[in-house]
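Asks:
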Amino acid sequence: MTKEAEHAIHVEKLTKRYGDLLAVNDISFTVRKGEVFAFLGPNGAGKTTTVEIIETIRTPTSGKVTLLDMDVTKKKHKIVRRIGVLPQGFSSFDRITVRETIQYYSRLFCCKDTDIDGLIELANLTDKSKEQFKNLSGGLKQRLGIAIALVNNPEVVFLDEPTTGLDPRARREVWDVLLGLKKKGKTVFLTTHYMEEAELLADTVAIISKGSIVAMGSPGELIERNANYLVLTLLSVDEKVFEIVQKMGFEPAHTNHKNIKVRVEHQDDVRRILNGIKDIGASFLSLDVRKPNLEEVFLKLTGAVLREDPAEEVAE
Amino acid sequence: MSPRVIGANLIVSIKSFYREKTAVFFRIAFPVLLILVFGTIFMNQDDVRFDFYVQDLDQSSSSAELVKTLELNDKFKITTVDPAINATQYAKHNKLNLVVVIPQDYEKSLMQRMKRKDLNASVTITYIYDPSSTSVSTKMQILNSVFAGINQRMSGKPPFITPAETSILNRKYRFIDFFVPGIIAMTVMTASLFGAVNVNAELRQKGVIKKLSTTPITHTDWILSNVLYQFILSVIATIAILLVSYGVFNVSLQMNVWLPVFVVLDVFAFVGIGMILTRVAKEAESAAAAANAIMFPMMFLSGTFFPVEMMPGFLQKFSRILPLYYVNEGLRASMIFGDNMIALRCSVIIGVFAAVVFVLGMMTTKWEEG
């Protein structure tokens, strides 16, 4: 088996410019067949531009992109028959029902054997199958978008920010559908700015910032490689605690006005801090010591916060 | 080109259409309402029958004969005014635009001229008129020609030139007969223009076009299915207009092959313009505003509601560069006069225009984001 045949997607030195703006800067990566590959980055990092080049919607400025061994700039008509796409901010025809929408896209692919009921069930939309698109909530629309992305039984599925703008419950419902895809062994290319989404679903995560890939690997590898420290969180602390931790040479940060988070190198540092607090007679309600998560890895690698206040993003 | 894909698009478009009640109203019911309203307003303008008032101050058998002569075989509907009242005040009070006053001693003067050959004997017929009225000058011109004829006959010499009237129309036509082809042309134009703008701009803004670009549907499939959809709606609207026109107003129109030809060319021309507008104005709202900016002058300056000949000279010249003018002219030529040559000339002009804008529209419609 050739190297290309093992890869669903191969991106080499891809660059995309919009006038003076460098949106994607010389990136290279591969996506193995059957894996869930997450492209993780903040808004404006270049995620959507990259994925739309792979999906044949946009053309690259330079570099080479092959999808299922086909050049995306030359084989659009063959490629689109073998991929499924959920574009960012998916929308459809307002007055067409869930079932009719799936049937419509199935006809566009000239699929005679599409299991419409199966897709409706997979997206957990059975009781909404006669509902018009305009009456669906954000989460239901996204789930319908995922079902549509599967009408042609694609080899590679692209999901561009499938849960952006959804409330936590709707987000989890979409994740359930995506976990179903993972179980089926589909190759999934996921772009997201939700850390927990990437950690939960992805086999490989590529962190993109300002058009460049700054790290790539499995979530565990990324944490191991980039964050060999511990995070101590103290809840409901006295006002004096922040000062004493600072005096001990650490860099505490408030997570809110009562809680603080401290990055420490070893378990011994935790003991030192606790003893210091005890010595001055201060108190706290509880503590938590854990390894850093992807969000903290992202912060370390890019110096940027991955997402804004989630409350602002909830559409429903 | 895939008939299955075109069919799928057509089904979605038609379902979206009949589930959107305002779209059904504006594309089918609105033109029918226009026909009903304008047809009712102008239904009494058969054969351009004028009316005016006559005050006969002489009250003689000769003056009565003159009044009868003025009726011109029912061309004029004449109402008499009591000779005892002030005609000017009466006209003002009743908002009359023309009162013709036959003077006292009309018969006496007539006898002097006819029997005594007194060439100095004459009468003055007075027109009391409202100069702001648009029809009064036409009425006075006709009356002048009638009086000129009477004067000429009284001179005893046979006329050197005798006019003979032959109508260019085979049958009698009314305003509604002229109005219906214009409404068909306008309805097809607005439906095609706004259909193309709405479908392309709204769906692009919502991201549906982006999604479609990741499916096997081609531009050609998409555009052809939209043209077919606009054509089907135009045919439905045209049938509704014709049914109401025949059923309510009993219009006299010739149904021939030119009607579907002009509907098709109208659809292609304005879908083409719509596609270009969608590309130039990227937002749905600005594309719709641009479509309005094109549609309104077209609607009022290309002879849909009133003849182009009524407009000032420079506007008439402007009308002749508007594509809808040729659809209006072509449809009227074929449906009213049965004039195939004018219909052919208009169809060639609008056909060339439609081909150019449609090809430009196809070339400018892009799904790839660059």
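Residue numbers (our numbering), protein chains in the order written: chain B, 1 to 316; chain Y, 1001 to 1370. Think of the CB as a built atom: it goes at the ideal place given N, C-alpha and C, for glycine as much as any other residue.
1. Start and end of the beta strand (DSSP E) containing Lys-13 (chain B)?
2. Compare the C-beta of Val-1244 (chain Y) against all C-beta atoms of chain B and say whether one is closer than 8 Å.
3. Among the residues of its own chain, which have a CB less than 8 Å from the CB of Leu-1322 (chain Y), if the five just before and after it don't count?
4. Among Y:Arg-1332, Y:Asp-1221, Y:Asn-1292 and Y:Met-1335, which one has its Cα closest to the Cα of Leu-1010 (chain Y)?
5. Starting from the Cα of Ala-1121 (chain Y), find the closest Cα among Y:Met-1111, Y:Tyr-1129, Y:Tyr-1127 and Y:Ile-1128 and give me that residue.
6. Let me know the secondary structure DSSP gives Asn-1097 (chain Y) once reduced to three states.
7. At least one CB of chain B closer than 8 Å to the CB of Gly-1207 (chain Y): is that the case?
8. When you compare the CB of Leu-299 (chain B) with every CB in chain Y, is at least one pair closer than 8 Å?
9. For Ala-1355 (chain Y), which residues of its own chain have a beta-carbon under 8 Å away from its beta-carbon, when the five flanking residues on both sides are left out?
10. Give the C-beta separation of Phe-250 (chain B) and Val-264 (chain B) to the nearest angstrom, bearing in mind that I take them to be a contact with Cβ-Cβ under 8 Å.
11. Three-state secondary structure (DSSP) at Leu-1169 (chain Y)?
12. Rounded to whole angstroms, what's the CA-CA distance from Val-65 (chain B) to His-257 (chain B)? Just pull it up for me.
13. Output yes if chain B places a C-beta closer than 8 Å to the C-beta of Ser-1225 (chain Y); else output no.
14. Here's a check: name, in chain order, each residue in its chain whose Cβ is nearer than 6 Å to the Cβ of Lys-33 (chain B), leaving out the five neighbours to either side.
15. Could you check what DSSP says for Gly-63 (chain B) in three-state terms: helix, strand or coil?
16. With DSSP as the reference, label Ile-1373 (chain Y) as helix, strand or coil.
17. Identify, in the order they occur along the chain, each residue of the same chain with its Cβ nearer than 8 Å to the Cβ of Ser-62 (chain B), setting aside the five sequence neighbours on each side.
18. Let me make sure I understand the geometry here. Which of B:Leu-108, B:Phe-109, B:Cys-110 and B:Thr-101 has the alpha-carbon closest to that of Asp-117 (chain B)?
19. Mark Gln-991 (chain Y) as exposed unless 16 or more other C-beta atoms lie within 10 angstroms of its C-beta, in which case mark it buried.
20. Using a Cβ-Cβ cutoff of less than 6 Å, which residues in the same chain neighbour Glu-1065 (chain Y) once the five nearest sequence positions on both sides are dropped?
21. What span of residues does the beta strand (DSSP E) with Leu-232 (chain B) cover, start to end?
22. At a Cβ threshold of 8 Å, is Lys-1015 (chain Y) touching chain B?
23. Can you tell which of B:Leu-301, B:Ile-260 and B:Lys-183 has the C-alpha that lies nearest to the C-alpha of Asp-225 (chain B)?
24. Quick one: residues in its chain with C-beta nearer than 7 Å to the C-beta of Ser-1016 (chain Y), no 5 flanking neighbours on either side, listed in chain order?
25. Comparing C-alpha positions only, which one of B:Val-151, B:Arg-17 and B:Val-157 sits nearest to Phe-37 (chain B)?
26. Could you pull out every residue in the same chain whose Cβ sits closer than 6 Å to the Cβ of Glu-52 (chain B), ignoring the five residues on either side in sequence?
27. How is Arg-32 (chain B) classed by DSSP in three states: helix, strand or coil?
28. Could you confirm whether any beta carbon from chain B is found closer than 8 Å to the beta carbon of Pro-1323 (chain Y)?
29. On a CA-only basis, which of B:Ser-286, B:Leu-294 and B:Phe-39 is nearest Pro-162 (chain B)? Give me that one, please.
30. Output yes if chain Y places a C-beta closer than 8 Å to the C-beta of Gly-89 (chain B); else output no.
31. Using a Cβ-Cβ distance cut-off of 8 Å, determine whether Ala-1185 (chain Y) contacts chain B.
32. I need the boundaries of the alpha helix (DSSP H) containing Arg-58 (chain B), first residue and last residue.
33. Are the stretch 74-81 of chain B and the stretch 90-108 of chain B touching, with three or more C-beta to C-beta distances below 8 Å?
34. For the stretch 168-177 of chain B against the stretch 134-144 of chain B, do three or more pairs of beta-carbon atoms, one drawn from each stretch, fall closer than 8 Å, so that the two count as touching?
35. Compute the Euclidean distance between the alpha carbons of Glu-199 (chain B) and Ile-1006 (chain Y), then round it to the nearest angstrom.
Replies: To lay it out plainly:
1. 7-18
2. No, because no Cβ of chain B sits closer than 8 Å to the Cβ of Val-1244 (chain Y).
3. Pro-1297, Met-1298, Leu-1301 and Ser-1302
4. The shortest C-alpha separation from Leu-1010 (chain Y) is found at Y:Asp-1221.
5. Y:Met-1111
6. coil
7. yes
8. no
9. Phe-1268
10. Rounded, the Cβ-Cβ distance is 7 Å, consistent with contact.
11. Confidence in Leu-1169 (chain Y) is poor, its pLDDT being 47 and thus under 50, which makes the residue's placement unreliable; the coordinate value appears in the next sentence. Coil.
12. 48 Å
13. no
14. Within the same chain, Lys-33 (chain B) has close Cβ partners Ala-8 and Thr-187.
15. strand
16. Summary: the structure shown does not reach residue 1373 (chain Y), with chain Y confined to residues 1001 through 1370, and so no result is reported for it.
17. Closer than 8 Å at the Cβ level, and outside the excluded window around Ser-62 (chain B), lie Lys-13, Leu-14 and Thr-15.
18. For Asp-117 (chain B), the closest alpha carbon among the candidates B:Leu-108, B:Phe-109, B:Cys-110 and B:Thr-101 is that of B:Thr-101.
19. This structure cannot speak to residue 991 (chain Y), because chain Y is shown only from 1001 to 1370.
20. none
21. Start and end: 230-235.
22. yes
23. One detail in the question is off: residue 225 (chain B) reads as Arg in this sequence, not Asp. If we check each option's Cα against that of Arg-225 (chain B), B:Leu-301 comes out closest.
24. none
25. B:Val-157
26. Arg-58
27. strand
28. Under the 8 Å criterion on CB atoms, Pro-1323 (chain Y) is classed as non-interfacial with respect to chain B.
29. The option with the nearest alpha carbon to Pro-162 (chain B) is B:Phe-39.
30. yes
31. False, the Cβ-Cβ gap to chain B never drops below 8 Å.
32. Looking at the DSSP string, Arg-58 (chain B) is not in any alpha helix (DSSP H), and its letter there is neither H nor E.
33. no
34. yes
35. Their Cα atoms are separated by approximately 42 Å.
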